[in-house]
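Peer 1: Just so we're aligned: 231 in my numbering is position 129 of the sequence shown, and the numbers increase by one with no gaps anywhere. All C-beta atoms, glycine included, are put in the ideal place defined by N, C-alpha and C.
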Amino acid sequence: MNVARPLKFYTLKEFEELPREDGWNYELIDGVVMMSPRPAGAHQMISGNLFSELRSKLRGKGCAPLLEMDLVLENDNLIPDLMIICDDVNISELKRYEKAPKIVIEIISPRSASHDCIVKRHKYEQLGISEYWIVSPEENCVDVFCFALNRHEHCCTGQVKSYVLPDLEIDLDNIFDLSF
């Protein structure tokens, strides 16, 4: 007979002291440790494409993209695929980010879709992130949720545009290009 064990809740300090296995991302959301495997090839290419586009578009504008950096807010430790920060920090000394970024971006897979679309979406809104992008490689679409303005846009053609950074527009074809 299977018996469910009680769920263990961790503090941020306990989470930081946990042993880690290579090849896994560890996040702490509402006291629960979440593990997910490192991203696959297509996910990495899309992430790289997005980073390259964001870096190019934001250069000299006081904002920068960060790839897979720990985001620590209110006793949660999340690892978004990308986030855009717009404050004066020394990125070379940054080990984790402890403020609400302007934009958080998650690239979903079939395994992570409900987690990214429901759990993380709610958590990012609760933590005061202004805008959340959900990138779907299966659909070649991006959903932009602007929590600050209570807006949502589902983009599958043309360009994806930010509400909180109005000059930021990225061609969807450049995001989903997996060619060498």
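Could you pull out every residue in the same chain whose Cβ sits closer than 7 Å to the Cβ of residue 182, ignoring the five residues on either side in sequence?
Peer 2: Residue 182 sits at position 80 when you count from the first residue of the sequence shown. If we look at residue 182 and ignore the five residues flanking it on each side, its Cβ neighbours are 173, 206, 207 and 208.
Peer 1: Of the choices 131, 149, 230 and 141, whose alpha-carbon is the least far from that of residue 124?
Peer 2: Stepping through the sequence shown from its first residue, residue 124 is reached at position 22. Ranking 131, 149, 230 and 141 by Cα distance to residue 124 puts 141 first.
Peer 1: Answer yes or no: the CB of residue 276 versus the heavy atoms of the ligand ATP, is any distance below 7 Å?
Peer 2: With respect to small molecules bound, the structure shown includes none, and the ligand ATP cannot be examined in it.
Peer 1: With the cut-off set at 8 Å, would you say residue 160 and residue 184 are in Cβ contact?
Peer 2: Here residue 160 is taken as the residue at index 58 of the sequence shown, counted from 1. Here residue 184 is taken as the residue at index 82 of the sequence shown, counted from 1. No, they are not a contact pair.
Peer 1: Between the Cα of residue 170 and the Cα atoms of 176, 126, 249 and 263, which residue gives the shortest distance?
Peer 2: Stepping through the sequence shown from its first residue, residue 170 is reached at position 68. When only C-alpha atoms are compared, the closest one is 126.
Peer 1: In this structure, how does DSSP classify residue 140 when only helix, strand and coil are distinguished?
Peer 2: As a first step, residue 140 is located in the sequence shown; it is residue number 38 there, counting from the start. Assigned with DSSP and collapsed to three states, residue 140 falls in coil, not helix or strand.
Peer 1: How long is the line joining the alpha carbons of residue 157 and residue 117, rounded to whole angstroms?
Peer 2: For this step, residue 157 is matched to residue 55 along the sequence shown. For this step, residue 117 is matched to residue 15 along the sequence shown. Answer to the nearest angstrom: the Cα atoms are 31 Å apart.
Peer 1: Out of curiosity, what's the CA-to-CA distance linking residue 114 and residue 187?
Peer 2: Along the sequence shown, read from residue 1 onward, the residue named residue 114 stands at position 12. Along the sequence shown, read from residue 1 onward, the residue named residue 187 stands at position 85. For residue 114 and residue 187, the distance between alpha carbons rounds to 22 Å.
Peer 1: Can you give me the Cβ contacts of residue 257 inside the same chain, cut-off strictly under 8 Å, excluding the 5 residues immediately before and after it?
Peer 2: Numbered from its first residue, the sequence shown carries residue 257 at position 155. Only residues of its own chain outside the window of five on either side were considered, and among them 243, 244, 245, 246, 263 and 274 have a CB closer than 8 Å to the CB of residue 257, listed in chain order.
Peer 1: With a 10 Å radius around its C-beta and 16 neighbouring C-beta atoms as the bar for buried, classify residue 108 as buried or exposed.
Peer 2: Taking the sequence shown and counting its residues from 1, the one referred to as residue 108 is at position 6. Exposed, because fewer than 16 other Cβ atoms sit within 10 Å of the Cβ of residue 108.
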